[in-house]
Amino acid sequence: MKDKIRFSSKLGLIAATVGSAVGLGNIWRFPAETQENGGAAFLLVYLVCVCVLGIPVMLAEFTVGRSARADAIHSFQKLTPGKPWWIVGAIGVVASFLILGFYMVVSGWTLEYLVASVDGSLFKAEAPCEAVDFGVKMQEYVQTDVRPILFTLSMLVLNAVVLWRGVTKGIERLSNILMPLLFLLLIVFCCVSLTLPEASEGLKYFFTPDFSKIDGPVIVNALGQAFFSLSLGLGILITYASYYPGTTSLGRTAVTVSMLDLAVAILMGMIIFPVVTTFGIGDGDSLRGGTLVFVTIPEVFTRMQCTRLWSSLFFLLISVAALTSTISLGQVSVAFLQDAFRWSRHKAITCLFLLLLPISVACSLSQGSWNDFKLMGNNIFDFLDNFATNCLLPLGAMLLCIYIGWVLPKSTLIDQLTNRGALRAPWAPAVVLAIKYLAAPLIFVILISNFL
Ligand code: PFF
Numbered sequence: 026m027k028d029k030i031r032f033s034s035k036l037g038l039i040a041a042t043v044g045s046a047v048g049l050g051n052i053w054r055f056p057a058e059t060q061e062n063g064g065a066a067f068l069l070v071y072l073v074c075v076c077v078l079g080i081p082v083m084l085a086e087f088t089v090g091r092s093a094r095a096d097a098i099h100s101f102q103k104l105t106p107g108k109p110w111w112i113v114g115a116i117g118v119v120a121s122f123l124i125l126g127f128y129m130v131v132s133g134w135t136l137e138y139l140v141a142s143v144d145g146s147l148f149k150a151e152a153p154c155e156a157v158d159f160g161v162k163m164q165e166y167v168q169t170d171v172r173p174i175l176f177t178l179s180m181l182v183l184n185a186v187v188l189w190r191g192v193t194k195g196i197e198r199l200s201n202i203l204m205p206l207l208f209l210l211l212i213v214f215c216c217v218s219l220t221l222p223e224a225s226e227g228l229k230y231f232f233t234p235d236f237s238k239i240d241g242p243v244i245v246n247a248l249g250q251a252f253f254s255l256s257l258g259l260g261i262l263i264t265y266a267s268y269y270p271g272t273t274s275l276g277r278t279a280v281t282v283s284m285l286d287l288a289v290a291i292l293m294g295m296i297i298f299p300v301v302t303t304f305g306i307g308d309g310d311s312l313r314g315g316t317l318v319f320v321t322i323p324e325v326f327t328r329m330q331c332t333r334l335w336s337s338l339f340f341l342l343i344s345v346a347a348l349t350s351t352i353s354l355g356q357v358s359v360a361f362l363q364d365a366f367r368w369s370r371h372k373a374i375t376c377l378f379l380l381l382l383p384i385s386v387a388c389s390l391s392q393g394s395w396n397d398f399k400l401m402g403n404n405i406f407d408f409l410d411n412f413a414t415n416c417l418l419p420l421g422a423m424l425l426c427i428y429i430g431w432v433l434p435k436s437t438l439i440d441q442l443t444n445r446g447a448l449r450a451p452w453a454p455a456v457v458l459a460i461k462y463l464a465a466p467l468i469f470v471i472l473i474s475n476f477l
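Residue numbers (the working numbering): 26 to 477.
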């Protein structure tokens with residue numbers, strides 16, 4: 026039965042894959058990385074990384090998934106039976122599960138802020154006539170014990186409902202609705218941002234590169250961001266590609282998905298940097314992760330008309346981006362449990378969420394009363410984040426490149442890129458070269474630099 030699962034339309038499979046790629050990585054990680062790594066210079070290097078390395082590695086994942094038509098681990102077992110290459114898939118399954126543990130908590134916060142924007146409580150000061158302190162609000166919404174757990178649970182349930190309905194009726198249908206909504210919201214915010222008084226200064230910062238800023242760390246950070254943003258190295262794209270019909274052009278899909286993901290990052294830059302120059306924010310930590318989304322941006326909304334409306338739309342945008350990414354992370358484990366134990370989808374989902382529950386609750390509590398409980402110097406949330414995204418993700422991606430470049434026969438890749446000869450793909454040898462001689466060594470550098 027499972028072998029027959031396919032996305033039902035070209036648009037649906039693109040929407041689902043873009044939905045996986047577009048997430049918190051584009052919305053809060055990209056602007057912060059851009060600012061810390063020299064503005065437009067970073068954007069330029071990032072663009073090159075996506076095109077020259079991101080797309081080839083995405084094609085490598087698509088090839089493994091569609092040729093084996095199995096979950097991330099069994100795909101490697103099917104393609105190279107009796108060899109230990111399944112470990113590459115196992116790294117992806119473990120990494121995506123751990124990432125899901127803390128990503129779900131952040132998704133819960135975005136939902137909490139959405140609700141608080143709609144009911145107006147986010148903008149209510151402690152005492153009348155006092156300004157709202159969003160740092161204090163963040164402590165209340167994120168760093169207490171009960172509230173964030175309830176919203177994390179809501180996000181878990183929402184994910185379970187979508188996955189429960191399956192690949193076509195759940196993931197694909199939801200992505201078909203939410204992805205256009207996400208792009209619409211981004212365009213609305215972009216228009217608003219571009220009308221701000223100092224917008225042109227912000228755009229100049231974002232689009233005029235200072236080439237002297239490009240150095241080793243900028244390249245390593247841009248490549249790390251490209252892999253994070255495109256959801257590479259986690260088995261997600263192997264799993265999704267196993268549902269691609271045989272007639273899907275992998276080359277065209279990889280380019281479309283990467284360009285749409287890039288477009289979201291660029292739109293996000295076009296939203297944030299005019300805000301930075303107009304409202305004079307952007308010093309210290311104000312663009313970093315949680316601070317950007319939960320403190321800086323709400324502060325900006327208070328200086329605009331229709332505060333609650335803009336805030337509600339913004340947190341809806343982030344919640345949508347987070348939801349379509351969490352379902353893709355979850356589907357990696359669901360597909361694995363189904364294949365490994367011959368379980369029904371519903372049993373696999375129940376098991377996944379029972380396993381995930383304590384991890385997400387622990388991550389949520391680690392922002393509150395469990396903050397003092399440390400693993401290797403970090404609280405549970407930061408430990409999982411560092412271990413999965415800085416160690417497992419690049420390790421999985423590097424081993425995948427070695428596997429595609431040196432282990433799997435070249436004909437498997439070419440077969441998949443040409444749909445067994447039905448399409449022309451004169452660029453296929455360049456993909457192999459990029460994977461072998463550029464992606465593999467550069468990801469190795471990222472891995473090492475994460476330990477230094
Ligand atoms: N690509 C998505 C994002 O940018 O948020 C999902 C994701 C991928 C999350 C990789 C985390 C991760 F490590």
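Note that the Cβ used here is the ideal one computed from N, Cα and C, for glycine as well. Predicted, not measured: the structure shown is a model, and the values here were computed from it.
- As the crow flies, the alpha-carbon of residue 354 is around 23 Å from that of residue 276.
- When beta bridges are read from the DSSP output, residue 400 appears opposite 403.
- Rounded to whole angstroms, residue 315 and residue 53 show a C-alpha spacing of 8 Å.
- Residue environment for residue 104: buried (at least 16 other C-beta atoms within 10 angstroms of its C-beta).
- The Cβ atoms of residue 124 and residue 352 lie no closer than 9 Å to each other.
- Proximity of the beta carbon of residue 316 to ligand 1 is not indicated: no heavy atom of the ligand is located closer than 8 Å.
- By the Cβ criterion, the stretch 231 to 251 is not in contact with the stretch 384 to 395, since fewer than three pairs of Cβ atoms, one from each stretch, lie closer than 8 Å.
- Here residue 291 is not near residue 318, since their CB atoms are 9 Å or more apart.
- The Cβ neighbour count for residue 447, taken over all protein chains shown within 10 Å, is under 16; the residue is labelled exposed.
- Taken in chain order, the whole alpha helix (DSSP H) runs of length 4 or more contained in the stretch 372 to 448 are 405 to 410, 418 to 427, 435 to 442.
- If you check the CB distance, residue 337 and residue 143 come in under 9 Å.
- With a cutoff of 8 Å, residue 50 counts as near ligand 1, since its C-beta is closer than that to a heavy atom of the ligand.
- Taking the Cβ of residue 261 as the reference point, at least one heavy atom of ligand 1 falls within a distance shorter than 8 Å.
- Within its own chain, the residues whose Cβ lies closer than 7 Å to the Cβ of residue 236, once the five positions on either side in sequence are excluded, are 66, listed in chain order.
- The shortest C-alpha to C-alpha distance from residue 434 to any of 98, 457, 283 is the one to 457.
- Between residue 345 and residue 262, the C-beta spacing is not below 9 Å.
- Between the alpha carbons of residue 244 and residue 310 lies a gap of roughly 22 Å.
- A direct Cα-Cα distance of roughly 13 Å separates residue 286 from residue 83.
- Per DSSP, residue 277 is one residue of the alpha helix (DSSP H) stretching across 275 to 304.
- Secondary structure note for residue 214: its alpha helix (DSSP H) is the uninterrupted segment 198 to 219.
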